[in-house]
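Engineer:
Numbering (the numbering used here), first residue to last: 85 to 223.
1. Leaving out five residues before and five after residue 90 in sequence, what residues of the same chain have Cβ atoms less than 7 Å from its Cβ?
2. Around the Cβ of residue 133, are there at least 16 other Cβ atoms within 10 angstroms (buried) or fewer (exposed)?
3. Are the Cβ atoms of residue 169 and residue 143 separated by less than 8 Å?
4. For residue 100, which of helix, strand or coil comes out of DSSP?
5. Helix, strand or coil: which one does DSSP assign to residue 161?
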């Protein structure tokens, strides 16, 4: 079991980031009260508010985003699942094994896009390999 601390604070934006990354909505469970994150051989990894089911990425366990006392989220996953999840998402080979890092980048990009749109801009996210760019234009 690996837990990775993030600076993410919004469940809604985590869900938006996962969607933008390409995780199908039907494989994401949003459970504000918490849901058990399943590990290898039915082990339990802890409770999480956002869970990606292992059936989608073909890994050994689920991937969870668990809210901490300070309001941030940690990513709960198995290191063996990291590469499988990155492969399922067609993440550039140079970033394989870095799901938490990539989800953090998508979280930041989708948050910036939403904020720009609220300010009247047209915003899009462009991906170039492992790099993301938020482009904004005001008419």
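Backbone N, C-alpha and C define an ideal beta-carbon position, used for all residues, glycine too.
Predicted model, so just to flag it, every value in this text is computed and none were measured.
Structural biologist: Let me lay it out:
1. One-based indexing of the chain shown puts residue 90 at position 6. Cβ neighbours of residue 90 beyond the five flanking positions: 156, 157, 158, 159, 184, 188.
2. Walking along the chain shown from the start, residue 133 turns up at place 49. Residue 133 should be labelled buried.
3. For this step, residue 169 is matched to residue 85 along the chain shown. For this step, residue 143 is matched to residue 59 along the chain shown. Yes.
4. Looking up residue 100 in the chain shown gives position 16. Residue 100: helix per DSSP, three-state reduction.
5. As a first step, residue 161 must be located in the chain shown, where it is residue number 77. In this structure, residue 161 counts as strand in the three-state DSSP scheme.
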